[in-house]
Amino acid sequence: MVNALELLTTRRSFKAVELSDPAPSAAEIDTLLTVAARVPDHGKLAPWRFILFEGAARGAAGDAIAAAFQAKYPDAQPEHVEAERNRLTRAPLVVAVVSRASLHAKIPEWEQVLSAGAAAMNLVLAAHALGYGANWITEWYAYDRAVLDALGLAPHERIAGFIHVGTPPGPPQDRPRPALGEIVTRFGPGRQD
Ligand SMILES: Cc1cc2nc3c(=O)[nH]c(=O)nc-3n(C[C@H](O)[C@H](O)[C@H](O)COP(=O)(O)O)c2cc1C
């Protein structure tokens, strides 16, 4: 068991193309989704759901992405269309985290959206804990209505992220992080810092 703080301070994204087989097993996928669904959720609304893309189904979703791309860019080169078709075949497992936030008498929609972000983050961290790499991306097709229809999203649902998961090539290099001095202040009467 990796120390929790070590886990949190070593997580890094990998590019989707860097993530390869082996994919998480069925039991590991259950663990990823169980952790993803175990997030703060004001009102216990479960304002999120998950769509798994594995094996050939990734290509079928890619067909919808390619079709939407071609509809937007009728003159696109065939190789560009093929690249779009392969959007979800880069990593062996892709999990779409879907926000299903909606108007509620007591719970602001904003808080429901934040809960979906927490679900996505938990999924990414759980993948890291199991020794896999992950990449939380949206890309253009997360915002394309034709693609969303093909993936079965209702009009009020939104993609919080397509979480790509697979085996990384090795330990990641970190990237610069914001200096705490630039993002943290201490509130207090008369204090400016
Ligand atoms: C909601 C959301 C959507 C993102 N979409 C993309 C994307 O489409 N393409 C991309 O390169 N990075 C995207 N990112 C950023 C990556 O997830 C990642 O944070 C970044 O590449 C590297 O940072 P890290 O190593 O600290 O995770 C997105 C992040 C968030 C939170």
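Just so we're aligned, residue 826 is where the sequence shown starts under the working numbering, counting upward by one. Glycine residues also receive a C-beta, built at the ideal position from the N, C-alpha and C atoms. All values derive from a computational prediction rather than experimental measurement.
In this structure, how does DSSP classify residue i when only helix, strand and coil are distinguished?
i     : result
A838  : Before going further, note that residue 838 is Ser rather than Ala in the sequence given. Reduced to three states, the DSSP call for S838 is coil.
G977  : coil
G991  : strand
R910  : helix
E879  : strand
N828  : coil
V864  : coil
R970  : helix
S940  : helix
G1013 : coil
G958  : strand
A985  : strand
L858  : helix
A848  : coil
Compare the beta carbon distance of residue i and residue j with 9 Å and say whether it is the shorter of the two.
i     : j    : result
V1009 : N947 : no
L976  : A886 : yes
V949  : I876 : no
A971  : G986 : no
V919  : L857 : no
Measuring CA to CA, which of the options is closest to residue i?
i    : options                 : result
E964 : A941, R836, R1011, R983 : R983
R874 : G942, D969, R1011       : G942
H929 : A862, A871, F1012       : A871
I854 : Q902, D969, A951        : A951
L833 : Q998, H981, W961, H953  : H953
Checking the sheet assignment: what are the DSSP bridge partners for residue i?
i    : result
S927 : Answer is none; S927 lacks a bridge partner.
Q. Would you call the stretch 930–940 and the stretch 865–873 touching, i.e. three or more CB-CB distances under 8 Å?
A. yes
Q. Are there three or more Cβ pairs, one per stretch, closer than 8 Å when the stretch 836–849 is compared with the stretch 913–930?
A. yes
(Q) Measuring CB atoms only, is the stretch 946–962 touching the stretch 981–991, in the sense that at least three cross pairs come out at less than 8 Å? (A) yes
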